[in-house]
Amino acid sequence: MKIKHLLLPALPAIMLAAACKKTETIEVPALATNRILSYKITNVPEEPVYGAVNDGEGTITVILPYYYYLTTIQPEITVSEGASVSPASGVLIDSITKKLTEGANIEYVVTGKDGSKATYKLLFTTQQPEITLDELSPDPANPTVLYHSKPATFEFNFFDITGKNFIPQQELLGIFSTISYLNEEGAVVYTAVNGDNYTTRIGATVPAAEQVPEGLYRIRVTSYTRSATMKNPVKIQSR
């Protein structure tokens, strides 16, 4: 009780001291004038697909449903007031499947009205399941032999590649699987576009000697936006 009575006379002084304290105004930093505010893909059959813009990382992440089977995208881009972007909003980006499988770098440069620039990298992927391949050579020590085709004499040798989650060819959309032959150093020697493919099988023709010289090769299959490479090589030679 005594403590309470002692504090009462001091309250006005405490309140006055608090009222006389200097207050600092913290100004909110001005937003950059070279930002991408929104990014959406409009050439889809349903609602536009929006990308997630990360200013800090300088990225735009777009996840596209694979069943749209797009080979070209048309983005609509909104930027800061007075800014410009290159490539511009609405400019088509073609050969999407090639860019995805080869890891091509797609970037947008935004120039603010004050002349400052910012670069955004497009991170583009699809929801396509990973593809798997059955080995043509179950035993790496005894590679399966494939004999060269001879187009000049109309002698063609065929073989099947089996696996899972291949995208069947979409002729009207220009979507086909490709088969690449990698030499022992891992370099691609030859790539063939293939139209005879289904969800679990791809029919292929053995290349000619002029296309793929005799030797050991691993086979890589690219189906829309996914690629897989066999672990064991096959031996390609002439009869």
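Residues 0 to 238, numbered by numbering that gives the first Met the number 0, are exactly what the sequence shown covers, in order.
Just so you know, even glycine gets a beta-carbon here, dropped at the ideal spot from N, CA and C.
No Cβ-Cβ contact shorter than 8 Å links residue 76 with residue 94. The continuous beta strand (DSSP E) containing residue 145 extends over residues 144-146.
For residue 75, the three-state secondary structure derived from DSSP is strand.
With contacts defined by Cβ atoms closer than 8 Å, residue 62 and residue 126 form a contacting pair.
Looking at 56, 39, 57, the one whose alpha-carbon comes closest to that of residue 50 is 39.
Membership of residue 95 in the alpha helix (DSSP H) is indicated by the continuous run 95-101.
Within the same chain, Cβ atoms closer than 6 Å to the Cβ of residue 123 are found at 61, the five residues on either side in sequence being excluded. According to the DSSP secondary-structure assignment, residue 106 is paired through a beta bridge with 120. Scanning 134, 118, 46 for the CA closest to the CA of residue 56 turns up 118.
DSSP places residue 208 outside both helix and strand once states are collapsed to three, so it counts as coil. In this structure, DSSP gives residue 56 a state outside helix and strand, which the three-state scheme calls coil.
Under the DSSP definition of a beta bridge, residue 89 lacks any partner. With 16 or more other Cβ atoms from the protein chains shown falling within 10 Å of its own Cβ, residue 223 counts as buried. Counting along the chain, residue 191 sits inside the beta strand (DSSP E) bounded by residues 187-193. The Cβ-Cβ distance between residue 79 and residue 36 falls below 8 Å. Residue pairing by DSSP puts residue 222 in a beta bridge opposite 225. Take the alpha-carbon of residue 186 and the one of residue 219: they are about 11 Å apart. Between the stretch 156-170 and the stretch 131-148, the count of C-beta pairs closer than 8 Å reaches three or more; the two stretches touch.
At the C-beta level, residue 145 and residue 156 come within 8 Å of one another. Close CB contacts of residue 115 within its chain, under the 6 Å cut and outside five residues either way in sequence, are with 33 (chain order).
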